[in-house]
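Residue numbers (the working numbering): 3 to 114.
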(Lines of atoms letter the chains of each structure in order from A and count residues from 1; the text may use other names and numbers.)
(Lines give C-alpha, C1' and ligand atoms only; values in the text may rest on other atoms or scores of the structure.)
Protein backbone atom coordinates (compact mmCIF):
# COMPACT_ATOMS: atom_id res chain seq x y z
CA UNK A 1 0.00 0.00 0.00
CA UNK A 2 2.93 2.32 0.61
CA UNK A 3 4.83 1.50 -2.61
CA UNK A 4 7.70 3.77 -1.58
CA UNK A 5 10.67 1.48 -2.07
CA UNK A 6 13.27 4.24 -1.66
CA UNK A 7 11.50 5.51 1.49
CA UNK A 8 11.48 9.00 -0.02
CA UNK A 9 7.99 9.81 1.28
CA UNK A 10 8.05 8.21 4.72
CA UNK A 11 4.67 7.85 6.42
CA UNK A 12 2.64 8.29 3.24
CA UNK A 13 0.73 5.92 0.98
CA UNK A 14 0.27 5.74 -2.76
CA UNK A 15 -3.39 6.82 -2.57
CA UNK A 16 -2.53 9.86 -0.49
CA UNK A 17 0.33 10.89 -2.80
CA UNK A 18 -1.98 10.51 -5.82
CA UNK A 19 -4.54 12.70 -4.06
CA UNK A 20 -1.83 15.31 -3.45
CA UNK A 21 -0.93 15.41 -7.15
CA UNK A 22 -4.59 15.65 -8.24
CA UNK A 23 -5.26 18.47 -5.75
CA UNK A 24 -2.18 20.40 -6.85
CA UNK A 25 -3.34 20.01 -10.46
CA UNK A 26 -6.69 21.59 -9.60
CA UNK A 27 -8.68 18.34 -9.57
CA UNK A 28 -10.98 18.26 -6.51
CA UNK A 29 -10.10 15.17 -4.49
CA UNK A 30 -11.19 13.59 -1.21
CA UNK A 31 -10.07 10.42 0.54
CA UNK A 32 -12.34 8.37 2.80
CA UNK A 33 -11.37 5.85 5.45
CA UNK A 34 -13.48 3.59 7.65
CA UNK A 35 -12.54 3.22 11.34
CA UNK A 36 -9.26 5.15 11.49
CA UNK A 37 -6.66 6.90 9.42
CA UNK A 38 -5.01 4.63 6.85
CA UNK A 39 -1.41 5.01 5.66
CA UNK A 40 -2.55 4.13 2.12
CA UNK A 41 -4.58 7.36 2.02
CA UNK A 42 -2.04 9.60 3.78
CA UNK A 43 -0.26 12.14 1.61
CA UNK A 44 2.49 14.63 2.40
CA UNK A 45 1.54 17.12 5.11
CA UNK A 46 0.01 20.29 3.69
CA UNK A 47 0.00 19.04 0.10
CA UNK A 48 -3.52 17.68 -0.31
CA UNK A 49 -6.82 17.13 1.47
CA UNK A 50 -7.03 15.43 4.84
CA UNK A 51 -8.86 12.11 5.10
CA UNK A 52 -12.51 11.85 5.98
CA UNK A 53 -12.58 9.20 8.70
CA UNK A 54 -15.92 7.47 9.12
CA UNK A 55 -17.21 4.91 11.59
CA UNK A 56 -18.57 1.67 10.20
CA UNK A 57 -21.79 2.46 12.09
CA UNK A 58 -22.34 5.74 10.24
CA UNK A 59 -21.72 9.39 10.95
CA UNK A 60 -22.99 11.01 14.13
CA UNK A 61 -24.14 14.59 14.43
CA UNK A 62 -21.62 17.20 15.47
CA UNK A 63 -22.87 18.48 18.82
CA UNK A 64 -25.94 16.24 18.89
CA UNK A 65 -27.26 17.76 22.16
CA UNK A 66 -26.42 21.51 22.05
CA UNK A 67 -27.02 23.67 25.11
CA UNK A 68 -28.61 26.34 22.87
CA UNK A 69 -30.58 25.91 19.65
CA UNK A 70 -28.17 27.67 17.30
CA UNK A 71 -24.92 26.45 18.90
CA UNK A 72 -23.27 25.53 15.58
CA UNK A 73 -23.96 29.03 14.20
CA UNK A 74 -22.49 30.58 17.36
CA UNK A 75 -19.37 28.40 17.12
CA UNK A 76 -18.88 29.30 13.45
CA UNK A 77 -19.42 32.98 14.12
CA UNK A 78 -16.91 33.05 16.98
CA UNK A 79 -14.31 31.11 15.04
CA UNK A 80 -14.56 33.19 11.88
CA UNK A 81 -14.06 36.47 13.71
CA UNK A 82 -10.52 37.69 13.13
CA UNK A 83 -8.77 40.78 14.38
CA UNK A 84 -5.38 42.28 13.56
CA UNK A 85 -3.98 41.00 16.86
CA UNK A 86 -5.27 37.42 16.50
CA UNK A 87 -2.38 35.04 17.05
CA UNK A 88 -1.24 32.38 14.60
CA UNK A 89 -2.33 29.52 16.88
CA UNK A 90 -5.79 31.05 17.36
CA UNK A 91 -6.21 31.63 13.62
CA UNK A 92 -5.09 28.09 12.81
CA UNK A 93 -7.38 26.57 15.45
CA UNK A 94 -10.36 28.59 14.26
CA UNK A 95 -9.71 27.78 10.63
CA UNK A 96 -9.35 24.03 11.28
CA UNK A 97 -12.45 23.90 13.51
CA UNK A 98 -14.57 25.77 10.96
CA UNK A 99 -13.27 23.56 8.15
CA UNK A 100 -13.99 20.39 10.15
CA UNK A 101 -17.53 21.53 10.97
CA UNK A 102 -18.29 22.35 7.34
CA UNK A 103 -16.83 19.04 6.09
CA UNK A 104 -18.75 17.09 8.72
CA UNK A 105 -22.03 18.78 7.75
CA UNK A 106 -21.40 18.15 4.05
CA UNK A 107 -20.46 14.54 4.59
CA UNK A 108 -23.36 13.86 6.97
CA UNK A 109 -25.76 15.19 4.32
CA UNK A 110 -24.27 12.87 1.70
CA UNK A 111 -24.09 9.79 3.93
CA UNK A 112 -27.62 10.13 5.31
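For every residue, glycine included, the Cβ atom is placed at its ideal position computed from N, Cα and C.
State the DSSP-derived secondary structure class of residue i, mapped to helix, strand or coil.
i: residue 70; result: coil
i: residue 90; result: helix
i: residue 52; result: coil
i: residue 29; result: coil
i: residue 60; result: strand
i: residue 35; result: strand
i: residue 44; result: coil
i: residue 9; result: coil
Going by alpha carbons, who is nearest to residue i out of the options?
i: residue 30; options: 37, 50, 45; result: 50
i: residue 63; options: 41, 73, 107; result: 107
i: residue 39; options: 52, 28, 47; result: 52
i: residue 48; options: 68, 61, 9, 25; result: 25
i: residue 113; options: 12, 60, 27, 92; result: 60
i: residue 43; options: 12, 89, 16; result: 16
i: residue 12; options: 27, 28, 41; result: 41
Can you give me the Cβ contacts of residue i inside the same chain, cut-off strictly under 8 Å, excluding the 5 residues immediately before and after it?
i: residue 57; result: 36, 37
i: residue 54; result: 32, 33, 34, 35, 105, 109
i: residue 76; result: 70
i: residue 68; result: 74
Using a Cβ-Cβ cut-off of 6 Å (strictly less than) and excluding sequence neighbours within five positions of residue i, which residues of its own chain qualify?
i: residue 81; result: 96, 99, 100
i: residue 45; result: 14, 18, 19, 21, 22
What distance in whole Å lies between the Cβ atoms of residue j and residue i, which are believed to be in contact at a cut-off of 8 Å?
i: residue 78; j: residue 65; result: The pair is not a contact, with the Cβ atoms about 11 Å apart (cut-off 8 Å).
Leaving out five residues on either side along the sequence, give the residues of the same chain with a beta carbon under 7 Å from the beta carbon of residue i.
i: residue 102; result: none
Check whether the Cβ of residue i lies closer than 9 Å to any Cβ atom in chain B.
i: residue 71; result: Any reference to chain B falls outside this structure, which holds one protein chain only.
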